[in-house]
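Trainee:
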Amino acid sequence: MPLLVEDVAFWPGERIYTQYDEGNFIYFIRAGRVKIEVLGRREAQIVDAGHSLGDMAVLDQVPHYCESVTAETHCWVRILHKTLLHRSLSSFPEEEKRIVGAVQNKGGGGKDEE
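If you read the sequence shown in this note's numbering, its first letter stands for residue 1101, the second for the next number, and so on.
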């Protein structure tokens, strides 16, 4: 999988993505902490390394990102492009069903099961 992902560093306060942006990437937080904010909600959620974000949009469960994500600390993030994921999953339909089912069950944005 490393050939399919891009490693990106984010500085504290840097926006990773914004609510309502087109969901083209899944973000795997490898190191650091991020803040997740949803318009209309008072409290932000803080998540640490080991979480993935944006998976519901990339797997076409929702039409766009449903939250805004900002780096709270220095972050190392692995980014997987939607096109590459769909191309890979088309070769493994049973895996695609399993992954989509897992995303639906967790409601998107959850702890990776590595």
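Every residue, glycine too, gets a C-beta built ideally from N, C-alpha and C.
(1) State the Cα-Cα distance for the pair R1130 and L1184, rounded to the nearest angstrom.
(2) Just how far apart, CA to CA, sit W1111 and P1193?
(3) Taking only the alpha-carbon atoms, compute the straight-line gap between H1151 and F1128 and give it to the nearest angstrom.
(4) Since W1176 contacts G1132 with CB under 8 Å, what's their CB separation in whole angstroms?
(5) Going by C-alpha distance, which of H1174, V1158, A1157 and F1125 is nearest D1148?
(6) Return the CA-CA distance between L1139 and V1169, expressed in angstroms with no decimal places.
(7) Does DSSP put V1177 in a helix, in a strand, or in coil?
Mentor: On the basis of the data shown:
(1) Cα-Cα distance, rounded: 20 Å.
(2) Each residue's alpha carbon lies about 37 Å from the other.
(3) Between H1151 and F1128, the C-alpha separation is close to 6 Å.
(4) The pair is a contact, with the Cβ atoms about 6 Å apart (cut-off 8 Å).
(5) Looking at the Cα atoms, H1174 is the closest of the given residues.
(6) One C-alpha to the other measures close to 12 Å.
(7) Correct three-state label for V1177: strand.
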